[in-house]
Amino acid sequence: MIISLLYPSWDQDSIPAEVSVITDKTIEQSRILDLGCGTGTHSLYLTSKGYQVTGIDLSAKAIETAKEKAQSNNVAVIFFGWRCNQPWEYYPRY
């Protein structure tokens, strides 16, 4: 997360190569679960390519930043923090 704050565009250039293992092997508009999504960089990119993405992270601050990025880019991504002490009913169903 610190890297993305210090260099906001640093990781943008490498995203297509990093997610190609996913995009090359999945059908467009597939649902993707991004575990450890951090500030949502990869989730937002995948959503822009037509995937339905849900991002989960332990860091409440990272999730807050991811939600802000999604809202400012007018992108529909579901982000939520993982809380190990919550019952399964706490999390959205698909």
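Take 102 as the starting number for the sequence shown in the working numbering and just add one per residue.
For every residue, glycine included, the Cβ atom is placed at its ideal position computed from N, Cα and C.
Because the structure is a prediction, the values reported are computed rather than measured.
Worksheet entry | Residue range of the unbroken beta strand (DSSP E) whose run includes Ile-133 | First-last of the beta strand (DSSP E) with Ile-133: 132-136.
Item to complete: Go ahead and label Val-122 buried or exposed: buried means 16 or more other beta carbons lie within 10 angstroms of its beta carbon, across all protein chains shown.
Response: With fewer than 16 other Cβ atoms within 10 Å, it is exposed.
Fill in: Cut-off 8 angstroms between Cβ atoms - residues of its own chain near Asn-177, not counting five sequence neighbours on either side
For the sequence presented, residue 177 should be read as Ala rather than Asn. Only Thr-148, Ala-171 meet the Cβ criterion.
Worksheet item: What are the boundary residues of the beta strand (DSSP E) that includes Thr-155?
Response: Looking at the DSSP string, the run of the beta strand (DSSP E) that includes Thr-155 is 153-158.
Fill in: Burial state of Asp-125 (16 or more Cβ within 10 Å)
Under the 10 Å beta carbon count, Asp-125 is surrounded by fewer than 16 other beta carbons and is classified as exposed.
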